[in-house]
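Undergrad: Take a look at this one; I'll ask things after.
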Amino acid sequence: MHDLDPLVAMLNRLKLTALRDQLDNLIDEASRRELTIREALVLFCEREIARRDQRRVDMAFGLARFPFVRDLTGFDFGAQPSIDKAQIRELAAGRFIPNGETVLLLGPPGVGKTHLAVAIGREAIVAGYTVFFTPATTVVAQLAKAHGDGRLEDRLTHYAKPKLLIVDELGYLPFEPNAAHLFFQLVSRRYEKGAMLVTSNRAVGEWGAVFGDPAAATAILDRLLHHSHVITIRGDSYRLREKRRAGLIKTAQPRQEQPA
Ligand code: ADP
Ligand code: MG
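Here the sequence shown is numbered in numbering that gives the first Met the number 0, starting from 0 and rising by one per residue.
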């Protein structure tokens, strides 16, 4: 409706789209609150910046490829007493990211490892960091394929870029023979430069078996554990707990559950 308005034309040219879209409301608000010109300019700039920040966050979420939408407020800490809430909040504050540190989230299936990984990743994005989430099997398969195609360097560079790389579900599926070697290269590439968050249902002592190569697993762990925060979650699967509460299951039965 403002297409012919020279102010709208200028806002378009300056790409001040939030201001353009909310122009009438903002002008009304400024006059209703009897703002000075300076205060009104502050209000207008705040709205424009808020829109841009939101856009950046939306875009970064798309690029991060989280498997589901989860946040810390949606995490029931009461259900998982083995988790130190303060430690998770500290990690979500993101200081480990510029320091290039590693977070290991360990525990049986269904205890909220992926949920927490996504929630921490989400906070990191809001704080302005780039994040990429990948299942462990995918990253290894991609590296193996790139290796076969003679493009391993490109692929390693790709995975080295995000400020936080989340590798989920290490150990759920057996790796291919070359995996330890490839994963080692990835970890070395990021070592002390970019932060990693790795989730696994296997204790670090079992990683030799996971990788089928104890020496390589030791070399990988050596780097991952050097500047690390290890969180071991002990407890019941949250999904099973919910079902038990609903009376669908009578007792706590340990069973292998498929990851979400
Ligand atoms: P894991 O990765 O450890 O196998 P997930 O993070 O995928 O477990 O959790 C399984 C499901 O249960 C997800 O939908 C997750 O959001 C939910 N969940 C797990 N633990 C909690 C919790 N403490 N509070 C709220 N939801 C939880
Ligand atoms: Mg998981």
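No residue lacks a Cβ here, since even glycine has one placed at the ideal position from N, Cα and C.
#1: Is T113 near ligand 2, with its Cβ less than 6 Å from a heavy atom?
#2: Can you list, in chain order, the residues of its chain with a C-beta nearer than 7 Å to that of A135? Leave out the 5 residues immediately preceding and following it.
#3: Considering only the beta carbon of each residue, do Y128 and K84 sit closer than 7 Å?
#4: How long is the line joining the alpha carbons of D202 and G61, rounded to whole angstroms?
#5: Looking at C-alpha atoms only, which residue of A78, A126 and L34 is the closest neighbour of Q53?
#6: Taking 6 Å as the cut-off, is the C-beta of G109 nearer than that to any heavy atom in ligand 1?
#7: Based on the DSSP secondary-structure assignment, which residues constitute the bridge partners of F132?
#8: What number of angstroms, rounded off, separates the C-alpha of Y158 from the C-alpha of H146?
#9: Please state the DSSP three-state secondary structure of E256.
#10: What would DSSP say about A208, mapped onto helix, strand or coil?
#11: Taking just the CA atoms, how far does R240 sit from L71?
#12: For the segment 56-144, list the beta strand (DSSP E) runs that are entirely contained and at least 3 residues long, ordered along the chain.
TA: On the basis of the data shown:
#1: Numbered from 1 along the sequence shown, position 114 holds the residue referred to as residue 113. It does: the Cβ of T113 is within 6 Å (strictly closer) of some heavy atom of ligand 2.
#2: Counting from 1 along the sequence shown, the entry for residue 135 is found at position 136. Annotation for A135: V166, D167, E168 and L169 place their beta carbon closer than 7 Å to its own, counting only its chain and skipping 5 residues before and after.
#3: Sequence index remark: in the sequence shown, residue 128 carries index 129 (1-based). Sequence index remark: in the sequence shown, residue 84 carries index 85 (1-based). No, the pair does not count as a contact, with Cβ atoms beyond the cut-off.
#4: Counting from 1 along the sequence shown, the entry for residue 202 is found at position 203. Counting from 1 along the sequence shown, the entry for residue 61 is found at position 62. Residue 202 is actually Ala in this sequence, not Asp. Going by the C-alpha atoms only, they are around 31 Å apart.
#5: Within the sequence shown, the letter at position 54 stands for residue 53. Checking every option, the nearest Cα to that of Q53 belongs to A126.
#6: The residue you call residue 109 lines up with position 110 of the sequence shown. For ligand 1, at least one heavy atom lies less than 6 Å from the Cβ of G109.
#7: Residue numbering aside, residue 132 sits at position 133 when the sequence shown is read from its first letter. Answer is I165.
#8: Residue numbering aside, residue 158 sits at position 159 when the sequence shown is read from its first letter. Residue numbering aside, residue 146 sits at position 147 when the sequence shown is read from its first letter. When rounded, the separation of the alpha-carbon atoms in Y158 and H146 is 14 Å.
#9: Along the sequence shown, one-based indexing puts residue 256 at 257. The pLDDT assigned to E256 is 48, lower than 50, so where the model puts this residue is not dependable, and the model offers no usable value.
#10: Along the sequence shown, read from residue 1 onward, the residue named residue 208 stands at position 209. DSSP, read as helix, strand or coil, puts A208 in helix.
#11: Stepping through the sequence shown from its first residue, residue 71 is reached at position 72. Stepping through the sequence shown from its first residue, residue 240 is reached at position 241. In this model, L71 and R240 are separated by some 19 Å (Cα to Cα).
#12: Scanning the segment 56-144 from its first residue to its last, the whole beta strand (DSSP E) runs of 3-plus residues come out as 101-105 and 130-134.
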